[in-house]
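Each residue of the sequence shown is one higher than the one before, counting from 0 in numbering that gives the first Met the number 0. C-beta atoms are modelled at their ideal positions from N, C-alpha and C, and glycine is treated no differently. All of these numbers come straight from a predicted model, not from anything done at the bench. Below you'll find the structure, written out as C-alpha cells, and then a few comments.
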Amino acid sequence: MGAQVQVLVKKNSYHDSVTLMALSGKVTALSQVQEAVVAMATDMNKELLQSVGMLTAEAASCGANDLVIAIKAASLEACTEGIKAAEEMLVKRKTGKKTDAPRPATIRSAVKETPAANIAIISVPGEHAAREAREALQNGLHVLLFSDNVSIEDEKMLKELAHSHGLLMMGPDCGTAIINHVGLCFANKVRHGNIGIVGASGTGLQEITVLIDRFGSGVSQVIGTGGRDLSEQIGGIMMLDALDALGQDELTEVIVLVSKPPAKSVAEKILDRAKEIEKPVVVCFINGDTAQIEAAGAYAAHSLEDAAWQAVQLAKKEQPLTANQDDATPILAAATKAKLQAGQKYVRGLYCGGTLCDEAQNIVKRSVGTVYSNIAKQEVYRLPDPQESREHTFIDLGDDTFTVGRPHPMIEPSLRLARLVQEAKDPEVAVILLDIVLGYGAHSDPAGVILPAILEARKLAAAEGRYLKMIAYVCGTGSDKQNKVEQEHKLATAGVTLAESNAAAARLAAAIVS
Numbered sequence: 000m001g002a003q004v005q006v007l008v009k010k011n012s013y014h015d016s017v018t019l020m021a022l023s024g025k026v027t028a029l030s031q032v033q034e035a036v037v038a039m040a041t042d043m044n045k046e047l048l049q050s051v052g053m054l055t056a057e058a059a060s061c062g063a064n065d066l067v068i069a070i071k072a073a074s075l076e077a078c079t080e081g082i083k084a085a086e087e088m089l090v091k092r093k094t095g096k097k098t099d100a101p102r103p104a105t106i107r108s109a110v111k112e113t114p115a116a117n118i119a120i121i122s123v124p125g126e127h128a129a130r131e132a133r134e135a136l137q138n139g140l141h142v143l144l145f146s147d148n149v150s151i152e153d154e155k156m157l158k159e160l161a162h163s164h165g166l167l168m169m170g171p172d173c174g175t176a177i178i179n180h181v182g183l184c185f186a187n188k189v190r191h192g193n194i195g196i197v198g199a200s201g202t203g204l205q206e207i208t209v210l211i212d213r214f215g216s217g218v219s220q221v222i223g224t225g226g227r228d229l230s231e232q233i234g235g236i237m238m239l240d241a242l243d244a245l246g247q248d249e250l251t252e253v254i255v256l257v258s259k260p261p262a263k264s265v266a267e268k269i270l271d272r273a274k275e276i277e278k279p280v281v282v283c284f285i286n287g288d289t290a291q292i293e294a295a296g297a298y299a300a301h302s303l304e305d306a307a308w309q310a311v312q313l314a315k316k317e318q319p320l321t322a323n324q325d326d327a328t329p330i331l332a333a334a335t336k337a338k339l340q341a342g343q344k345y346v347r348g349l350y351c352g353g354t355l356c357d358e359a360q361n362i363v364k365r366s367v368g369t370v371y372s373n374i375a376k377q378e379v380y381r382l383p384d385p386q387e388s389r390e391h392t393f394i395d396l397g398d399d400t401f402t403v404g405r406p407h408p409m410i411e412p413s414l415r416l417a418r419l420v421q422e423a424k425d426p427e428v429a430v431i432l433l434d435i436v437l438g439y440g441a442h443s444d445p446a447g448v449i450l451p452a453i454l455e456a457r458k459l460a461a462a463e464g465r466y467l468k469m470i471a472y473v474c475g476t477g478s479d480k481q482n483k484v485e486q487e488h489k490l491a492t493a494g495v496t497l498a499e500s501n502a503a504a505a506r507l508a509a510a511i512v513s
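Next up, the structure:
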C-alpha cells in the first residue's frame, strides 16, 4: 500500500508562522509520518500542499485565516495519529499561556496595552508583513521583521519610513539582534561589553558575538539589517542608520560591520560613513575588497573569526592583529589523509546558517578551486539541482529552496538528516562539514537530533571500507540554553571532530582535500 493522506481544516484559527513551522517539524518526526504541513491556508502554503500531493478540495477553498493540518503517512491510522498529535500540541501551547496576560489583536492595541514598549518583532506571512511593519513604525516602534517573502519595493518603503522617523527597521528576513543587552530571535546568550555590531546576516552576527564572548569580551548592541540591505536597490539604508546609532551609543566603543560583499556603490557609501565615525570600525565583507576597506581607515577582517579577534583587541585598547591560525591543522589533516581511499577527494558542507556556509565555501575555494553551491553568486558554480551535489559542494539548507512552507533548519534541524546520509553514500566524499547553531530561538538539542544520521553515515561508509571524516562547529556559548559544552560532547562521542570556529572547520576540511 502506498502513502496515505489525511487533511483537517480548522476555520478562523490563526497561529503565527514560526509556531506552525516548529510544530510541522515535530509532527514529521513522528513514527510512520512521511510529510506534515501545519500551516495557514495562504496561497503560498496551498501551492506547497499541492506540490507534495496533499491539497484537498476543502483546503484549496480555504482562506488565509484558516488552519490546515495535512499528514502523509504509511497508513490512515498513522495519519490520524499525526493529526491528533498536532491538535494536542496546539491546545497545549494555547492553554500553557497565562490567561490574564493581555493579548492585543493589532499593533495599535498592543501599543495601548504596553505603552513602554519600543520595539515590535513581526513574524507573519510575507504578504501581510509589510502592512504590520508599517503600522508599527507609524506607532513609533523600532521593528525587527523576521518574515521573509517581502518585496524589495516594500522593504525600501519601510526603511525610508523608519529613517524619516529615526527608527530601526531590521529586516525583512532578520533573525538576530541584541538591543540594550536583550537577545532577540536567534541571538546567543553572550557577555555584556563595549563592542557594537551591525550585520546583514543572522549567523554571521551570531558567529562574531559568540567568538567575542569566547575571547573574553562582550557586546553592547547587535543590529541586524536583513540580507538585501546592502543591495543596489536598498542602498544600505539600515546599515548606515545603525552605524550612526552605534557612533552615538554610550555603551559602544568599537564597531564591527559584517555582510557578504555589498554592491560596489553601497560599499563606498558605508565606508565613507565609517570614516566619519570617531570610534574604531572593523569591517568584514566576506570575500570583499580589503584594500578598499583599509583605504577608508577601517580595519579589514579576513573572516568572521578575524573580525571578532580584532574587535576584542581594539576593545582592550590594543593594536589589532590577525587571528591566530590553527597550529594543529596540518597534523590533523595528514592523519586523516592516511585513512582515506584514493578516490575520496571531495568536501560536502551541509549548513543551517547561510553566512557560515558562504564563509566556509570561500575558504575551501581558495585551496581547491571550484566549489558548487545552491547560493553561489556566479551561475557557473550554482547547482542545477540543489538536491544533488557535485564535486566540492556546500549547501545552505536555510535557503528559500528548502524552507518554503517548512521550518528553518535552525528551528527544526531534521531537514538535513536524509541529505547527510545521501552524501555519505558517495564514495568520492572525504569530508562532511556541519554547523550546529545554538541560540534563543534555535532547536533545543540540534546535536541530539543529528546524531542518528551521523552514526548511520559512518556505518554506511565503514561497511564499504571507507573512512568518512565528520567536522562540526558548534556556534554558541556555555550560557546558551542548549549549552555548547554538552552539544560538543554529544558530537565528540559520535566520532565527530570539533573546530573552534567556522573558519577553522573550513580550513581543516580544505587541508584534508587539497
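- The Cβ neighbour count for R418, taken over all protein chains shown within 10 Å, is at least 16; the residue is labelled buried.
- Runs of the beta strand (DSSP E) spanning 3 or more residues and lying entirely within the stretch 338-409 occur at 345-350, 392-395, in chain order.
- With a cutoff of 9 Å on beta-carbon distance, I269 and I196 are scored as not near each other.
- For the 9 Å CB-CB criterion, A505 and L450 do not form a contact.
- The Cβ atoms of S413 and V436 do not sit closer than 9 Å to each other.
- Around the beta carbon of R130, a 10 Å sphere encloses fewer than 16 other beta carbons of the protein chains shown; the residue is thus reported as exposed.
- When only Cα atoms are considered, H164 and G139 end up about 8 Å apart.
- In the assembly as shown, E304 is a buried residue. Its beta-carbon has 16 or more other beta-carbons within 10 Å.
- Straight through space, the alpha carbons of V26 and A35 are spaced by roughly 6 Å.
- Contact between V430 and I511 is confirmed by a C-beta separation of about 5 Å, below the 8 Å threshold.
- In this chain, the alpha helix (DSSP H) harbouring E304 covers 303-314.
- M469: member of the beta strand (DSSP E) spanning 468-474, first to last residue.
- When the five nearest sequence neighbours on each side are left out, the beta carbons in the same chain lying within less than 8 Å of the beta carbon of A332 are those of L507, A510, I511, in order along the chain.
- Cβ contact annotation for E277 (same chain, cutoff 8 Å, sequence separation greater than five): G246, in chain order.
- Looking at the DSSP output, A72 bridges to Q3, V32.
- By the C-beta criterion, the stretch 140-153 is judged to be in contact with the stretch 114-124, since at least 3 inter-stretch pairs fall below 8 Å.
- When L89, D172, A314, P114 are compared, the shortest CA-CA separation from N193 is found for A314.
- Put simply, the stretch 280-292 touches the stretch 341-361. At least three CB pairs are less than 8 Å apart.
- S50 carries a helical assignment under DSSP once its states are collapsed to helix, strand and coil.
- Collapsing the DSSP output to three states places A176 in a strand.
- Your pair V370 and F393 checks out as a contact, with CB atoms roughly 6 Å apart and the cut at 8 Å.
- Secondary structure at L320: coil, using DSSP grouped into helix, strand and coil.
- A straight-line Cα-Cα distance of about 16 Å links T251 and I207.
- V428 has its alpha-carbon roughly 12 Å from the corresponding atom of R457.
- With a threshold of 16 other beta carbon atoms within 10 Å, Q205 meets it and is buried.
- Boundaries for G182: no alpha helix (DSSP H) harbours it, while the beta strand (DSSP E) harbouring it runs 181-184, taken from the DSSP string.
- G397 and V346 have their C-alpha atoms spaced approximately 19 Å apart.
- Annotation for D243: the continuous alpha helix (DSSP H) segment containing it runs 236-247.
- Considering only S216, A84, D271, K9, the residue with the shortest C-alpha distance to V311 is S216.
- The beta carbon of M169 sits closer than 8 Å to the beta carbons of H141, V142, L143, L144, A176, I222, G223, T224, G225, M237 from its chain, once the five residues preceding and following it are set aside; these are given in chain order.
- Approximately 29 Å separates the beta-carbon atoms of I106 and A85; this is outside 8 Å, ruling out the contact.
- In this structure, the alpha-carbon of S60 lies about 33 Å from that of K155.
- If you draw a straight line from the Cα of G475 to the Cα of V495, it comes to about 17 Å.
- Contact check for D271 against H162 fails: the beta carbons are separated by 9 Å or more.
- With a threshold of 16 other beta carbon atoms within 10 Å, Y298 meets it and is buried.
- A direct Cα-Cα distance of roughly 45 Å separates E152 from L75.
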